[in-house]
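Structure, as structure tokens:
Numbering (this note's numbering), first residue to last: 497 to 930.
Listed below in structure tokens is the structure:
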């Protein structure tokens with residue numbers, strides 16, 4: 497029986513046959529399929545008429561508390577891993593803005609965190625992984641072994657192989673807290689200057705896109721040492737916590753979020769945010785999106801899109817100014833704007849990050865905003881930027897190919913490893929025609 501499956505942005509949907517994956521084996525379908533985890537990609541990268549549900553691959557196979565190597569199946573979520581490892585003094589080195597992402601999804605998108613300048617992308621910390629080709633063959637690969645397959649799968653959006661399990665090198669924790677420094681910044685140029693000069697492991701800026709100067713709140717952080725936590729009266733115990741506070745039980749026929757309300761919220765946030773240095777639990781720092789369950793329903797039944805791109809450092813400030821100027825010209829404010837600093841480009845063929853500045857903008861899914869994003873694409877291309885496939889829902893094939901310098905290499909490897917031409921999503925058909 498087919499089931500209606502929606503993207504996280506909720507405006508893209510498909511009636512799909514859900515195929516459950518068993519760790520005992522699977523008969524690869526003759527029809528096209530796409531692997532899917534918890535469905536947190538904003539667009540159509542895990543949507544197709546046949547969806548391979550990998551959330552049944554739930555085993556934590558092995559964990560060595562001395563070395564910090566953990567072996568897990570691909571359907572295990574980041575939240576489940578942290579619940580298992582944090583109390584033992586270990587942390588995943590890279591996490592996104594939500595803990596409700598599977599390891600398979602993290603690898604397929606080659607996710608990044610707020611510490612890309614220091615730790616790079618998720619693939620940097622994979623010791624090895626097992627993947628299943630469309631032929632049914634299981635191949636072990638890593639950065640050193642079967643490396644061309646490894647770097648095609650990491651960031652490959654599920655189009656090369658099924659990720660079965662992975663070994664990850666974890667990061668040692670002395671406490672379960674972050675030492676965070678927060679400061680209000682009056683303009684975009686000052687935010688960018690602080691971002692470039694940040695020496696802490698984590699740095700991120702929330703921007704007020706309604707302000708003509710694009711003011712914001714700049715935050716930087718490091719994991720707190722045992723001594724720092726103790727001096728702050730936090731005690732020695734390392735523990736996980738849940739930061740869920742509210743649930744949006746259903747989608748309203750209209751958007752609860754609107755420009756006037758967001759503008760008021762932005763002004764209030766700037767006035768009430770406590771500046772200076774403070775300790776925050778790792779969950780509160782890393783996963784702000786998880787405080788409101790099903791927050792995407794706030795955009796109503798029409799849904800939302802995220803426009804996330806990176807510009808090379810040498811062009812970033814001018815390009816970002818043009819993007820915000822275009823938004824003002826078209827009277828299209830972003831309901832959420834977040835800026836991050838990226839380090840060196842990784843080896844994943846379609847991996848998103850490059851050395852530069854990354855901006856994420858949340859928009860309502862309306863024609864007015866789609867028209868704006870088409871214009872913004874031209875700015876990103878002009879400054880040699882690229883787009884994050886895990887958030888994309890509307891790029892054209894022409895724009896995608898122009899912003900992906902290694903696309904021919906990826907297509908060659910897809911044809912090499914997916915000889916049966918099984919792996920296909922709505923996104924891949926839109927961008928690649930297959």
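Ideal Cβ positions, reconstructed from N, Cα and C, are used throughout, including at glycine.
Because the structure is a prediction, the values reported are computed rather than measured.
Residue 786 holds the alpha-carbon nearest to the alpha-carbon of residue 575 among 559, 671, 786, 771. Residue pairing for residue 546: DSSP places it in a beta bridge opposite 513.
CA-CA distance, residue 765 to residue 505, rounds to 24 Å. The three-state reading of DSSP puts residue 770 in coil, since its state is none of H, G, I, E or B.
DSSP, read as helix, strand or coil, puts residue 792 in helix. Bridge partners of residue 808 according to DSSP: 852. Assignment of residue 883 by DSSP, reduced to helix, strand and coil, places it in the strand class.
Within the DSSP bridge table, the entry for residue 624 names 663 as partners. Per DSSP, residue 911 is one residue of the alpha helix (DSSP H) stretching across 903-913.
Counted as a single uninterrupted DSSP element, the beta strand (DSSP E) harbouring residue 559 occupies residues 556-560. Residues of the same chain with a CB within less than 6 Å of the CB of residue 895, apart from the 5 flanking positions on each side, are 873 in chain order. Beta-bridge pairing by DSSP links residue 858 to 802, 832.
The DSSP-derived three-state label of residue 587 is strand. In the three-state DSSP reduction, residue 824 falls in the helix class (H, G or I). The segment 838-845 makes no contact with the segment 687-700; the number of CB pairs closer than 8 Å stays below 3. Close CB contacts of residue 718 within its chain, under the 6 Å cut and outside five residues either way in sequence, are with 675, 696, 697 (chain order).
If you check the CB distance, residue 588 and residue 664 come in under 9 Å. Within the model, the alpha-carbon separation for residue 711 versus residue 703 is close to 6 Å. In the three-state reduction of the DSSP assignment, residue 701 falls in the strand class, which pools E and B. Residue 556 and residue 661 have their C-alpha atoms roughly 9 Å apart.
Beyond the five residues adjoining it in sequence on each side, residue 832 comes within less than 6 Å, by CB distance, of 858 in the same chain, given in chain order. Counting only runs of at least 4 residues, the segment 686-733 fully encloses the following alpha helix (DSSP H) elements, listed from N- to C-terminal order: 722-727.
Boundaries of the beta strand (DSSP E) around residue 530: 530-532. Shown here for residue 735: same chain residues with a beta carbon closer than 8 Å to its own, the five before and five after excluded, namely 582, 583, 672 in chain order. Where residue 649 is concerned, the enclosing alpha helix (DSSP H) starts and stops at 643-649. In this structure, residue 603 places its C-beta atom within 9 Å of the C-beta atom of residue 650. In this structure, residue 508 lies away from residue 549, with their beta-carbon atoms at least 9 Å apart. Here residue 756 is exposed, its C-beta having fewer than 16 other C-beta atoms within 10 Å. Beta-bridge annotation (DSSP): residue 500 is paired with 511.
With a beta-carbon spacing of about 5 Å, residue 655 and residue 919 fall inside the 8 Å limit used to define contacts. Each residue's CA atom was taken as its position, placing residue 528 and residue 706 some 44 Å apart. Look at residue 675 here: in three-state DSSP terms it is strand. In this structure, the CA atom of residue 929 is about 41 Å from the CA atom of residue 713.
For residue 902, same chain residues with a beta-carbon under 8 Å away, outside a window of 5 residues either side, are 845, 846 in chain order. Looking at the backbone, the Cα of residue 906 and that of residue 600 are separated by about 19 Å. The straight-line gap separating the alpha-carbon atoms of residue 925 and residue 543 is approximately 11 Å.
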